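Chains as they are written, first to last, in this note's numbering: chain X, 95 to 505; chain A, 95 to 505.
2 protein chains.
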Amino acid sequence: MISSNPVRGTRDILPQEMVLRDQLEAMILKRYRSQGFNRIETPVMENLELLLGSDGGENLKMLFSIIKRGEKLNLTPEASVSDLCDLGLRFDLTLPLSRFYANNQAELEMPFKAIQIGNVFRAERPQKGRFRSFKQCDIDIIGDPSVNAEIELIDTTAKALMDMGFCGFTVKINHRKLLSEVIRKLGFSEEAVGTVCITLDKLDKIGSEGVEKELLSKDYDHAMVSGLTKAVTEISTDNLSDWVDDELVIGELTEVIDAVKRLSKNNFTIEFDFSLIRGMGYYTGLIFEVSYGPYGYSIAGGGRYDNMIGKYCKTSVPAVGFSIGFERIVGILQEENNQLTHSQKKMVLFYEAAQGSFDQVIAAGEQWQTQGYGVNLVAMKKKFGKQISAYSEKGYAGFAVFGRDEALKMF
Amino acid sequence: MISSNPVRGTRDILPQEMVLRDQLEAMILKRYRSQGFNRIETPVMENLELLLGSDGGENLKMLFSIIKRGEKLNLTPEASVSDLCDLGLRFDLTLPLSRFYANNQAELEMPFKAIQIGNVFRAERPQKGRFRSFKQCDIDIIGDPSVNAEIELIDTTAKALMDMGFCGFTVKINHRKLLSEVIRKLGFSEEAVGTVCITLDKLDKIGSEGVEKELLSKDYDHAMVSGLTKAVTEISTDNLSDWVDDELVIGELTEVIDAVKRLSKNNFTIEFDFSLIRGMGYYTGLIFEVSYGPYGYSIAGGGRYDNMIGKYCKTSVPAVGFSIGFERIVGILQEENNQLTHSQKKMVLFYEAAQGSFDQVIAAGEQWQTQGYGVNLVAMKKKFGKQISAYSEKGYAGFAVFGRDEALKMF
């Protein structure tokens, strides 16, 4: 018999979780739209050339590539994936958005404030809570070079999180240019900045000792390495000018932090975090992430990527994005057993199988629908008592019996 | 520069269409849930073995197959797609549902009434109105062998269509067993039934003459062929017993037609159509389709497939499904310029770029949000008049200017 398991690293979603997911998605979408953003959609498939030519970093190693159709494949031992394949599944929503903007620019408002809600695909090693197909909810502002865009994105994302019942989360913020200036000033070369950041990104997991050990193993100078861990501990918004000269960078960081602090009304925190790196190669300015409670992963993340859209347009266009990790939100709310809003009341209308015309049963169900119930029409079984209790455990409010006892009996 | 076009045969969806699509999807989902169905979701990728082992018919020639990752490919000239690939994109929602049911059976209500809304993928030759990635909205009842399942699906689908403003559509219905009995009684062999059906399916396009011509060119007997076209013209619900002996088949057809007629309250029509075939190989009983107005394609279709789920479970399980072609619905409503419900009112709140802290602009926007507006915060440009008229054409209700003239001026 053919296996009925879903593809490795993916999963089936059952009815109860779908109710929660649909509610959350509707909340997020409502908040995004009310703040002036517009939803768009792009296909899950993109041309392989576009995907491979992007700054996708590690994600390019995790591509799902689609084999060419309708042409003879060049099946030689030297053939590479790009010889055999022409399409791939998107690994994020930012690259498709950049392509979308270039393709549809003439018909879009400027600045363009985009909503994207959809699945992305990465062939990661399967592990708890990590899936190879997962949903992201992104907002992006294209065409605004000022930090107002960052402030608006953080405000909107925070409001969406609060709509879903999250409170007391922390927005961590850093600046790519600050990172690279500090690292260079410590004596690292321009080329070393990337490597240093990759190690620094592991601080949460391996601690400062681990960071020092890893950098020393890469033969970086001892003084430079300990300078770095010192910087991580000491640098703060109060002493930024001791560490960097670029006043624009300092200005951007402090302006966003101050504005978001006022907007937060103490429902959440924003804090500068020099060890915040964010993996994606394409960020050029401010970067941010939301952490929540004891969970060792971020529930949202984003940043400015001013050099990406220019690859697909004739002109360079500034852009910033913020993405909510939908699967993580769902996971946390399920773990916290958080019943958001109530879903529609449901009832069972039982009928006897040989009871004449079924359209009368449907008509009887319509009466209950007008009272707000979702009505499930179910044929009675011999073991009726057992059948009733099965439904009482499935979240139904109650039941009635067609043509016999039409009063609703609550479970 | 890298092309910014979406993948051939797919398309980008712009904000205005997304508003319509989201409204329609919400309407369909609400109706389905209120009639006792439960939404589930499966991944867009399935194991290639599952896809290729299905009764997918023509769709198997249009698969998007995903190349194996992380293992050395067997790149010899003899290698087939199934040697090189391990996954594929789903071509419909019925096969994944059957797998889902087999995989999650223990946790599902019985009978299980499923909702699936999602995209499917077929590498068809691109043509107007046909896409390689398109959305379907399916309901299925698993575990009910009686025609009550068909009646419930037709009733629910018709109600969803009426919710979206469709009226006067026609539900065409036929029975696979009736088709094969009539064709065999005319003298065709058991093996010929499939071929005859493929030709008969073209009746709409090529007429009876075309059907006769094609069958004669396949060397079928002249008397048998003219008997078939005669059957198409003469067979009706009034004379079914003249054509077939199987009373169960006649009973099923007439019971569904009678019940749906009563439920329709003359808002739509149901009619027997002996030339209705439906392509998919897996149907075993009643089949149905919805046609609407002058459009030469169906807007919904489905049928009973009692032999499919058994391929993935230990036991045979009866099942029926009905699928709304979402892209066609959207296309028709756009063509008819049908404004369904009103979308959220939107306004622009302009601000001067160098006007102090941006969080005050956001706070001013919140005031308008409480009055139900979606608020787009936009920096004023020098050519303000031109900027205003650009937004007035984009469907905004009006605008205000932060800190200067805060009354809302309607467009």
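Cβ coordinates follow ideal geometry from the N, Cα and C atoms, glycine included.
Remember, it's a predicted structure, so these values are computed and weren't measured experimentally.
query                                                                                                                                                                                    : result
For A:Leu506, go through chain X and note every residue whose CB falls closer than 9 Å to its CB, in chain order.                                                                        : Examination of residue 506 of chain A is not possible in this model, given that chain A is present from 95 through 505 alone.
Given a limit of 7 Å on CB to CB distance, which residues of the segment 313-326 of chain X reach chain A?                                                                               : none
Quick one: list the residues of chain X neighbouring A:Ala447, beta-carbon separation under 9 Å, in chain order.                                                                         : Ser240 and Asn242
Check distances from the C-beta atoms of the segment 148-177 of chain X to those of chain A and list, in chain order, the residues that come in under 7 Å.                               : Phe158, Ser159, Ile160, Ile161, Arg163, Leu169, Thr170, Pro171, Ala173 and Val175
Beta-carbon within less than 8 Å of A:Thr348's beta-carbon, same chain only, minus the 5 sequence neighbours each way: which residues are those?                                         : Thr331 and Leu334
Measuring straight from C-alpha to C-alpha, what distance separates A:Leu157 and X:Gln117?                                                                                               : 33 Å
Verify the contact flag: A:Val424, CB atom, against every heavy atom of the ligand MG, threshold strictly below 6 Å.                                                                     : Because no ligand of any kind appears in the structure shown, any question about the ligand MG cannot be addressed here.
To the nearest angstrom, report how far apart X:Tyr377 and X:Ile211 are at their CA atoms.                                                                                               : 21 Å
With 16 as the cutoff for other CB atoms within 10 Å, does A:Thr251 come out buried or exposed?                                                                                          : buried
What residues match up with A:Gln210 in a beta bridge as DSSP calls it?                                                                                                                  : A:Asp232
Got a sec: which bits of the segment 475-495 of chain A sit with their beta carbon under 7 Å from any beta carbon on chain X, in order along the chain?                                  : Lys488
Given a threshold of 16 other Cβ atoms within 10 Å of its Cβ, counted over all protein chains shown, does A:Glu220 qualify as buried or as exposed?                                      : Rather than Glu, the amino acid found at residue 220 of chain A in this sequence is Pro. When all chains shown are included, A:Pro220 counts as exposed.
Any idea what DSSP makes of X:Asn360, helix, strand or coil?                                                                                                                             : coil
Going by alpha carbons, who is nearest to X:Glu365 out of X:Ile267, X:Thr104 and X:Ala448?                                                                                               : X:Ile267
Just list the residues that DSSP pairs X:Ser335 with in beta bridges.                                                                                                                    : X:Ser335 is not bridged to any residue.
Check whether the segment 405-419 of chain X touches the segment 246-262 of chain X, counting contact only when three or more Cβ pairs, one atom from each stretch, lie closer than 8 Å. : yes
Is X:Ser98 close to chain A? Criterion is C-beta to C-beta, closer than 7 Å.                                                                                                             : yes
Which residues in the same chain as X:Leu191 place their Cβ atom closer than 7 Å to its Cβ, once the five residues preceding and following it in sequence are excluded?                  : Ala208, Gln210 and Asp234
Could you check what DSSP says for A:Gly419 in three-state terms: helix, strand or coil?                                                                                                 : strand
Is X:Val101 closer than 7 Å to A:Pro137 when the C-beta atoms are compared?                                                                                                              : yes
Short check: CB of X:Leu181 to CB of X:Leu142, under 7 Å?                                                                                                                                : yes
Applying the 10 Å Cβ sphere with the 16-neighbour rule, what's the burial state of A:Lys359?                                                                                             : exposed
For a contact meaning CB atoms closer than 7 Å, what does A:Met258 contact in chain X?                                                                                                   : Going along chain X, no residue has its Cβ under 7 Å from A:Met258, so there is no contact; the nearest lies around 17 Å.
Give a yes or no on whether the minimum CB-CB distance between A:Ile134 and chain X is below 7 Å.                                                                                        : yes
Tell me which residues share the same chain as A:Ile456 and place their Cβ nearer than 8 Å to its Cβ, disregarding the 5 neighbours each side in the sequence.                           : Leu471
Output, in chain order, the set of chain X residues within a Cβ distance shorter than 9 Å of A:Cys231.                                                                                   : Here the premise fails: no neighbours, minimum Cβ distance about 14 Å.
When Cβ atoms are compared, which residues of the segment 337-354 of chain X fall closer than 7 Å to chain A?                                                                            : Ala353
Please list the terminal residues of the continuous beta strand (DSSP E) segment that includes A:Met121.                                                                                 : Here A:Met121 belongs to no beta strand (DSSP E); instead the alpha helix (DSSP H) covers Pro109 to Ser128.
Can you tell which of A:Met139, A:Phe194, A:Gly130 and A:Ser98 has the C-alpha that lies nearest to the C-alpha of X:Gly103?                                                             : A:Met139
When the Cβ atoms of the segment 222-239 of chain A are set against those of the segment 190-206 of chain A, are three or more pairs found closer than 8 Å?                              : yes
Only counting runs of 4 or more residues, tell me where the alpha helix (DSSP H) segments fall wholly within the segment 279-352 of chain X, in order along the chain.                   : 286-294, 297-311, 316-328 and 334-337
A:Glu365 touches chain X at which residues, Cβ-Cβ below 9 Å?                                                                                                                             : Under the 9 Å cutoff, chain X gives no residues; its nearest Cβ is about 17 Å from A:Glu365.
Taking X:Asp352 as the reference, give the member of X:Tyr490, X:Asn242, X:Gly151 and X:Ser483 with the closest Cα.                                                                      : X:Asn242
According to DSSP, is A:Ser274 part of a helix, a strand, or is it coil?                                                                                                                 : helix
Answer with buried or exposed for A:Leu380, where buried requires no fewer than 16 other C-beta atoms within 10 angstroms of its C-beta.                                                 : buried
For A:Thr363, which of A:Cys407, A:Gly150 and A:Met256 has the nearest alpha-carbon?                                                                                                     : A:Met256
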